[in-house]
Amino acid sequence: MTTQNNPLLQEFDHAPFSKIENKHFKPAIIKAIEMAREEINAIASNADEATFPNTIETLEFSGEKLDRVTSIFFNLNSAETNEEIQQIAQEVSPLLSEFRNDIILNKALFEKVKSVYNKKDQLDLNTEQKTLLDRKYKAFSRNGANLPIEKQNELRDIDKKLSKLSLDFGQNVLAETNKFELHLTDENDLKGLPESFKEEAAQVAASKEKEGWIFTLEYPSYLPFMKYAENRELRKKMALAFGSKGFHGDELDNQENVLQIAKLRYQRAQLLGYKTHAHFVLEERMAETPEKVNSFLDEILEKAKPAAEREFKELENFAKDLDGIDQLQKWDAAFYSEKLKQKLFNLDDEKLKPYFKLENVIDGVFTVAQKLYGLSFKEVFDVDKYHEDVKIYQVLDENNKEMALFYADFHPRPGKRDGAWMTGYKSQYKKDGEEERPHISIVCNFTKPSKKQPSLLTFNELTTLFHEFGHALHGMLGDTEYPSLSGANVYWDFVELPSQLLENWCYEKEALQLFAKHYETGEVIPMELIQKIKESANFQEGMATVRQLSFGMLDLSWHGVDPSAITDVKANEDKAFARTKLFPNVEENCMSTAFSHIFQGGYSAGYYSYKWAEVLDADTFEYFQQNGIFSREVANKFKTNILSQGGTDHPMTLYKKFRGKEPKPDALLKRAGLIEK
């Protein structure tokens, strides 16, 4: 295939999805690596003295074509994959890993970067330029540029292996999710399930040319089943299938992948002179060290555990009184929690869902963004999309300047991995007097519309949409010179602040009344339901907090230690969960083998970030509440000092500019009802 007729190698602004075929990816990536390599060699062999513009800035803008092509490819591998794309990923990932190492371990290039870095105090650099220089130097020094050649080769080998293991891990989890189905033909087995949910399951069965109803491990199918199905044995069957992904000792088993990834990450950290993988990772985080993370998790656990134990006891007693359940199991949790919540607050998702029609919620989140940041969103139909479900919007500011292109992909399908995430197809940056605006995407797995009704979101799905849109705003409002410092390119324990902050608007009357309208009658959500949402916000918050902390502790049990002696994935997990355990252990289940955040995503040694960012978001939202949740003054300070700044300065510096002080956990603990207000 010639370069001329490969659409990925032509000039394009937005991704040319309609022209791309799978066969285009590998040749385009190989050619883009070649182009990037030439750009790198030109910097390294430049006979002129190394300067900030000819070395650091030129390095920053090198490999642009490769970035565009790989962002399209790997985004599709997550949102619209198939066996062919997965095979290509297996083939190109080692090539990309090798190329990244070729850059990092290019001695001539590193010498040039180092010479600029060594004279940084004599250079007249602004804050963003200083940050870029620091980042570029550390990209080399933290990844082996100072190592002797034999150690560098060892590092290359480790990175190649890790790249493949991570892909294998993710493909196994997706295959396990797609493989399982609970096929029911007796309507008695559906007792307790809402009509809309049964209808969805009937549609799934019909699409597979089967009678009855099919339930799957995709979140919009799995979660409601666990919450409403009265048949305890069937809940158990679903829970065991969900909780044992990658843990069956078959060809999709992830236990060896987990052990290998943890051990290779440790070896890599040791090679680079760090005690553990967590020490390596946390050096470039707000938390700084595993010791600080552990003490942070311990401090919150100390406050949350007594509440969690009280809540668990209450749930246990409730299940016993209601159904004579002697031993509450994990597959009982969502079911009895929902029943107890209904009893205490007379509130359940089925009452709320009619007010959260997806289209109305999208309008709602757009209106919130307009009120806070002056943005408007206009759906466009002349931009290529990778699937018919995707919606695309042009994002404009108050002066009608285009700020971003926004892709939104909301519903599950077999080629899409679980969960929800924000990503990008093009970065924001300024170069040669021109400004490039970003192309941002959010991908979710919300309940699909059915023949009888539109897509109606659960309250949890509502907060998820606001969460991912908070990430998207971080990307859309970037206003930096350099692409690698724009938007969500920030310290990992700072990245969740914009997303978790925006979730707060889901609980506020002023925000809910903008969009929460009954899909049939148009009636605005009644005040009593809003009040119940507020009252129930802290329902089982102790248990939820302890659960979240347990994931952070599990993460550090793999990455904050020497894992060489770990031979049993499940035993290590049980030990990590010991201090946070509420429910009896389930031998058949193992979380690590499907913990994609840390073994496939970017959260290794960083899962604590969600809780860390909650401290920041509670403190930030307290500021909004003091001035009005739609205060343009506070929103403008947040946009100016946080959202638009990306990673141009240390996050604590940016936060203090915005808030005038460092955050304390008190606002979070008060909001969670774990300490007195």
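In terms of my numbering, the sequence shown is residues 77 to 753. Backbone N, C-alpha and C define an ideal beta-carbon position, used for all residues, glycine too.
Closest by C-alpha distance to residue i, when choosing among the options
i: LEU373; options: GLU690, GLU579, TYR469; result: GLU690
i: VAL71; options: ASN158, GLN589, ILE606; result: Because the chain in this structure spans residues 77 to 753, residue 71 falls outside the shown range and cannot be described.
i: GLU160; options: LYS206, ASN98, ILE438; result: ASN98
i: GLU478; options: GLY450, ALA305, ASN703; result: GLY450
i: THR669; options: ILE337, LYS381, LYS212; result: ILE337
i: GLU544; options: LEU258, SER526, LEU573; result: LEU573
i: LYS585; options: GLU611, PHE570, ASN565; result: GLU611
i: LEU231; options: THR696, TYR342, VAL471, PRO639; result: TYR342
i: ASN703; options: PHE432, SER283, ALA363, LEU448; result: LEU448
i: TYR350; options: GLU136, HIS324, GLY220; result: GLY220
i: ASP508; options: ASP485, GLN228, TYR558; result: TYR558
i: LYS429; options: PRO92, ALA748, LYS396, PHE522; result: PHE522
i: TYR462; options: ASP473, GLN470, ASP485, SER452; result: ASP485
i: LEU171; options: ALA123, THR157, GLU125, LYS102; result: LYS102
i: GLY385; options: GLY618, VAL444, LYS506, GLN446; result: In the sequence on display, residue 385 carries Glu and not Gly. Of the listed residues, the one whose Cα sits closest to GLU385 is GLY618.
i: ASN81; options: HIS100, PHE88, SER94; result: HIS100
i: THR207; options: PHE653, LEU561, ASP638; result: LEU561
Residue i versus residue j: straight-line alpha-carbon distance, rounded
i: THR716; j: GLU271; result: 47 Å
i: PRO300; j: ASP143; result: 39 Å
i: LYS419; j: GLY495; result: 30 Å
i: GLU263; j: TRP289; result: 9 Å
i: TYR699; j: PHE535; result: 25 Å
i: LYS339; j: LEU238; result: 10 Å
i: ASP235; j: VAL357; result: 15 Å
i: LEU152; j: GLN162; result: 10 Å
i: LEU209; j: LYS524; result: 47 Å
i: LEU692; j: ALA548; result: 18 Å
i: PRO366; j: LYS737; result: 24 Å
i: ALA354; j: LEU632; result: 7 Å
i: GLN624; j: LYS687; result: 8 Å
i: LEU297; j: ALA277; result: The question names Leu, yet the displayed sequence has Ser at residue 297. Distance between the alpha carbons of SER297 and ALA277 is about 8 Å.
i: LYS368; j: LYS240; result: 32 Å
i: GLY491; j: LYS454; result: 28 Å
i: SER707; j: ALA587; result: 13 Å
Residue i - containing beta strand (DSSP E), residue span
i: HIS40; result: Residue 40 lies beyond the residue range present for the chain, which begins at 77 and ends at 753; the question has no answer from this structure.
i: LYS524; result: First-last for LYS524: undefined, no H or E at that position.
i: TRP289; result: 289 to 291
i: SER452; result: 452 to 455
i: LEU481; result: 478 to 485
Where residue i falls: helix, strand or coil (DSSP)
i: ILE705; result: coil
i: ALA782; result: The chain is shown only over 77 to 753; residue 782 falls outside these bounds and no answer can be derived.
i: ASP124; result: coil
i: GLN688; result: First, the residue type needs correcting, since residue 688 is Trp and not Gln in the sequence shown. Of the three classes helix, strand and coil, the one that applies to TRP688 here is helix, per DSSP.
i: TRP497; result: strand
i: LYS507; result: strand
i: VAL566; result: coil
i: TYR683; result: coil
i: VAL600; result: strand
i: SER640; result: helix
i: ASP470; result: It is Gln, not Asp, that sits at residue 470 in the sequence shown. Looking at GLN470 - three-state DSSP - the assignment turns out to be strand.
i: GLU309; result: helix
i: GLU387; result: helix
i: LEU532; result: strand
Contacts around residue i, its chain only, beta-carbon distance under 6 Å, and the 5 residues preceding and following it disregarded
i: PHE256; result: LEU293, ALA317
i: LYS713; result: PHE734
i: MET603; result: none
i: ARG493; result: SER154, LEU250
i: THR499; result: ASN151, SER517
i: SER685; result: TRP568, ASP569, GLU572
Residue span of the alpha helix (DSSP H) that contains residue i, given as start and end
i: SER320; result: Run containing SER320: none; DSSP gives neither H nor E here.
i: LYS267; result: From DSSP, LYS267 is part of no alpha helix (DSSP H); its letter is neither H nor E.
i: TYR558; result: TYR558 -> no alpha helix (DSSP H), and no H or E assigned at all.
i: LEU152; result: 140 to 155
i: GLN405; result: No alpha helix (DSSP H) holds GLN405; DSSP gives it neither H nor E.
i: GLU435; result: 434 to 449
i: PHE88; result: Segment: none, PHE88 is in no alpha helix (DSSP H) and carries neither H nor E.
i: PRO300; result: 295 to 304
Close Cβ partners of residue i (< 8 Å) along its chain, the five nearest in sequence each way excluded
i: TYR304; result: GLY268, LEU269, PRO270, PHE273, PHE411, GLU414
i: LYS608; result: PHE421, ASN422, LEU423
i: LEU532; result: SER272, LYS429, PRO430, PHE432, LYS433, LEU434, THR523, TYR595
i: ASP408; result: ARG308, ARG311, ALA395, ILE401
Spatial neighbours of residue i in its chain, beta-carbon cut-off 7 Å, leaving aside the 5 residues before and after
i: GLU275; result: SER526, LYS528
i: LEU85; result: THR79, ALA104, LYS107
i: PHE697; result: LEU577, ASN580
i: THR540; result: ALA496, CYS520
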